[in-house]
Structures are given as structure tokens and as C-alpha cells.
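*Asks:* Attaching a single structure in C-alpha cells format; questions to follow.
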Amino acid sequence: MAEHIQVQDIVPRIQYTADGINKTFETPFIIFNEDALDVYLNEEKVTEGYTIQLDDEIRGQIIFDEAPSSGTLITLTRHLTIARTSDFQEGGSLRANTLNYELDYQTACLQELADNINRSMVLPPYAVGSATQLTLPTPNPGKSIVWSQDGTYLENSTVNINAVSAELDAKVNTSSQNAASSQLSSQLAQNMAVLAQTKAEDAAEQASIATQKAQEATSVLAGKANVDLTNISSDASSLICALPLPTDEFVDLTLAESQKYTCPANGYFYVSKASSNSNQYIAVFNETSGLASGEFASNWSGQTIRLYIPARQGDSCYWTGTFGGAMSSLKFIYAQGEVV
Numbered sequence: 009m010a011e012h013i014q015v016q017d018i019v020p021r022i023q024y025t026a027d028g029i030n031k032t033f034e035t036p037f038i039i040f041n042e043d044a045l046d047v048y049l050n051e052e053k054v055t056e057g058y059t060i061q062l063d064d065e066i067r068g069q070i071i072f073d074e075a076p077s078s079g080t081l082i083t084l085t086r087h088l089t090i091a092r093t094s095d096f097q098e099g100g101s102l103r104a105n106t107l108n109y110e111l112d113y114q115t116a117c118l119q120e121l122a123d124n125i126n127r128s129m130v131l132p133p134y135a136v137g138s139a140t141q142l143t144l145p146t147p148n149p150g151k152s153i154v155w156s157q158d159g160t161y162l163e164n165s166t167v168n169i170n171a172v173s174a175e176l177d178a179k180v181n182t183s184s185q186n187a188a189s190s191q192l193s194s195q196l197a198q199n200m201a202v203l204a205q206t207k208a209e210d211a212a213e214q215a216s217i218a219t220q221k222a223q224e225a226t227s228v229l230a231g232k233a234n235v236d237l238t239n240i241s242s243d244a245s246s247l248i249c250a251l252p253l254p255t256d257e258f259v260d261l262t263l264a265e266s267q268k269y270t271c272p273a274n275g276y277f278y279v280s281k282a283s284s285n286s287n288q289y290i291a292v293f294n295e296t297s298g299l300a301s302g303e304f305a306s307n308w309s310g311q312t313i314r315l316y317i318p319a320r321q322g323d324s325c326y327w328t329g330t331f332g333g334a335m336s337s338l339k340f341i342y343a344q345g346e347v348v
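Read in the working numbering, the sequence shown has 200 at position 192, and its numbers run on one by one without any break.
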């Protein structure tokens with residue numbers, strides 16, 4: 009050891025962040041002896057798994073058996089026992105080395121006290137009054153520490169802060185759920201508005217198509233037939249009357265229940281299906297025009313029902329019901345006017 013060490017103005021505590029490789033860490037402050045160094049890994053104080061070496065100026069070097077994992081916070085702090093380390097005898101020799109060592113040790117103890125005070129709860133120098141007490145109240149589970157009404161001492165709160173926090177969390181969660189539900193309802197309303205607008209646009213388009221078809225029919229019939237058809241022959245009248253009737257031209261269909269079918273021309277949507285029990289029903293719908301037709305099998309199993317509804321080109325039709333028997337026919341039948 010050197011003849012005399014110098015106690016520098018330095019805090020007796022240092023921290024490192026491990027890199028997972030380095031095993032050796034030094035203290036820039038003197039520690040006097042190995043037992044005076046406390047070692048922490050994150051928040052845990054450890055007493056094994058390392059060795060401590062002192063240099064000539066009794067500064068410490070800690071060497072871990074295994075390198076601490078990367079990111080670990082390593083804290084090295086000095087903790088001296090506050091006591092006299094020498095006893096000077098009356099009339100005895102007063103050696104400078106012994107006196108310096110004693111003063112250095114006491115100075116180091118004062119450094120530790122100063123560091124502890126700096127890390128403790130203290131009033132600022134500009135705090136008003138001198139009667140304020142910083143003594144902590146007796147621990148009370150769930151209660152928080154608050155200032156008294158006159159601000160002169162600390163006391164436990166009258167409410168359970170954990171219960172209040174849990175209640176606030178519950179209210180926040182409920183508010184969040186309500187907000188999410190409100191947002192979902194708003195989004196649903198927007199989607200419904202968009203759907204309604206789309207339906208309106210489709211209806212307007214269908215009306216425009218119908219107007220165009222009427223204009224085309226008027227153009228075709230111009231000069232050939234008047235409004236009341238009084239200027240056409242009886243044969244022509246019979247022919248006109250037969251135009252919407254079904255023909256033997258059809259398209260076989262394979263559709264599941266409620267599956268929509270778009271009619272390729274003017275004609276009829278036709279279904280023939282057997283029941284499998286009494287009190288079953290079957291129906292056909294023209295979703296575009298709103299026409300529908302249906303019937304119940306109220307008396308026996310195996311009753312075959314045949315249904316059809318007229319449909320224009322582009323109409324959407326489908327069948328539905330509880331008939332559980334065989335589907336003997338499902339087709340679209342063309343009108344006379346589509347094949348003449």
C-alpha cells in the first residue's frame with residue numbers, strides 16, 4: 009500500500025451496463041477492504057459469483073466468474089462500518105501514516121452519508137418554515153403517503169389507493185368499450201348509408217334502362233301500330249298476345265337454396281321439387297320485381313309442387329323452402345318474344 013492515499017471528491021457509487029462479454033469492472037473510489045463493496049445486478053444484491061481485488065491505493069476491481077448478461081445494470085457501492093480504526097495513546101507516538109489513514113476512513117464515511125442524504129427525501133433550501141417533519145408514518149397496506157392538512161407532516165391517506173386505482177381502471181376499460189361500441193355503431197350506420205345509396209343508384213339505373221327500352225319499342229313500332237292497336241290485323245294481334253308466353257326453349261339450372269340467378273332474357277323462373285314430409289313449403293321469388301309464389305305440402309310426403317314466376321331480362325330470382333325431396337326440375341324458360 010502507498011505511504012498515503014488521497015480521498016478524492018467522488019461519489020462512492022458507480023454503475024455499468026453489461027455487454028455480455030466483459031467480466032471485469034473497477035471502482036474509481038477507494039474501498040479500504042473487500043467487505044466494504046456491495047454488488048447489485050439490476051435490483052438484486054449478490055454476494056457470490058465474483059472476486060474482488062484491491063490495488064495499491066485500495067481501490068477495488070470486481071471480476072465476475074461469468075460475464076453478466078447484456079443489458080444488466082451493475083451497481084457497485086461502498087458501505088463502510090462507521091467506527092474508529094485506531095486509538096492514540098497519551099504520550100505515545102503520533103505517526104502521520106496512522107493519522108492520515110484514520111482521517112481518510114472518516115472522510116470516506118462522510119462521503120457515504122452525503123450520498124445517502126442526497127438520495128433521501130429532504131426539503132429544498134427555499135422551503136418555508138422549519139417545523140415541517142419528514143418522518144414517514146407507520147406502513148399501512150394499500151394507503152398512500154400524503155401531506156397533512158397544514159402541510160407540516162406526512163400521514164397515511166384515508167382511502168385505499170389500490171382500490172381507487174382498480175376502480176378507475178375499470179371505469180377506463182368500460183369507457184373504452186363503450187367508445188369502441190359507439191365507433192362500431194357509427195361505422196355500421198355509414199355502411200348502411202352506403203348500401204342504401206348503392207341501391208338507389210341501381211334503381212335509378214334500372215329506371216333509365218326501362219325508359220331506354222320503352223323509347224326503343226316506340227321507335228320500332230312507329231308507323232306500325234298505334235296506341236290502341238286498332239290499325240293492326242287480327243293475326244298480328246294474336247302474335248303480340250303470344251309474345252310473353254313460355255316456349256320450349258330453356259336453360260337447366262343448378263342452384264342452392266336462396267342462391268340468386270340473373271335472368272338472361274324475358275321469361276320464367278321455374279322449379280319442380282318434391283316434399284319429404286307434411287307441412288313443408290317451397291317458394292320462388294323475383295327479388296327485382298317483388299313477385300313471389302309458394303305452396304305448402306300439407307297432406308303427405310312426396311308431393312311434387314311446380315312453381316314459376318315471370319321475369320324480365322336482368323331480374324334476380326331464387327327459390328327457398330323446407331321441401332326435402334328430390335329437385336325434379338329447375339330452369340329458366342324463355343318467353344315467345346325472345347325466340348321469334
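Note that CB positions come from ideal geometry on N, CA and C, so glycine has one too.
Express the C-alpha separation of F40 and V15 in angstroms, rounding to a whole number.
*Replies:* Their backbone Cα atoms lie some 11 Å apart in a straight line.
*Asks:* Three or more C-beta pairs closer than 8 Å, one from the stretch 25-44 and one from the stretch 130-148: is that the case here?
*Replies:* The stretch 25-44, when compared against the stretch 130-148, does not touch it at the 8 Å Cβ threshold.
*Asks:* Check the C-beta distance from A334 over to P254 and give it rounded, since I have them as a contact under 8 Å.
*Replies:* 23 Å between Cβ atoms; not a contact.
*Asks:* Would a C-beta distance cut-off of 8 Å place S337 and Y278 closer than the cut-off?
*Replies:* Result yes, Cβ atoms of S337 and Y278 sit closer than 8 Å.
*Asks:* Indicate the three-state DSSP secondary structure (helix, strand or coil) for N175 in the structure shown.
*Replies:* Looking at the sequence itself, residue 175 is Glu, so the reference to Asn does not match. Looking at E175 - three-state DSSP - the assignment turns out to be helix.
*Asks:* Can you grab the Cα-Cα spacing for the pair D260 / K339, in whole Å?
*Replies:* Roughly 4 Å separates the two Cα atoms.
*Asks:* Would DSSP call A343 helix, strand or coil?
*Replies:* Looking at A343 - three-state DSSP - the assignment turns out to be strand.
*Asks:* Please confirm if the stretch 55-75 is in contact with the stretch 123-136, defined as three or more CB-CB distances below 8 Å between the two stretches.
*Replies:* The stretch 55-75, when compared against the stretch 123-136, does not touch it at the 8 Å Cβ threshold.
*Asks:* For the candidate residues T160, A300 and E52, whose alpha-carbon lies nearest to that of T83?
*Replies:* Among T160, A300 and E52, the Cα nearest to that of T83 is on E52.
*Asks:* Looking at L315 and I290, is the spacing between their C-beta atoms short of 8 Å?
*Replies:* For I290 and L315, yes; Cβs fall inside 8 Å.
*Asks:* Can you round the beta-carbon distance between I7 and Y269 to whole angstroms, since I take them to be within the 8 Å contact cut?
*Replies:* Since the displayed the chain opens at 9 and closes at 348, residue 7 lies outside it and no answer follows.
*Asks:* Which residues does DSSP pair with E34 in a beta bridge?
*Replies:* Beta-bridge pairing links E34 to Q69.
*Asks:* Could you give the C-beta distance for G322 and C271, rounded to a whole number, given that I count them as a contact under 8 Å?
*Replies:* With 8 Å as the limit, G322 and C271 qualify as a contact, their Cβ atoms being about 7 Å apart.
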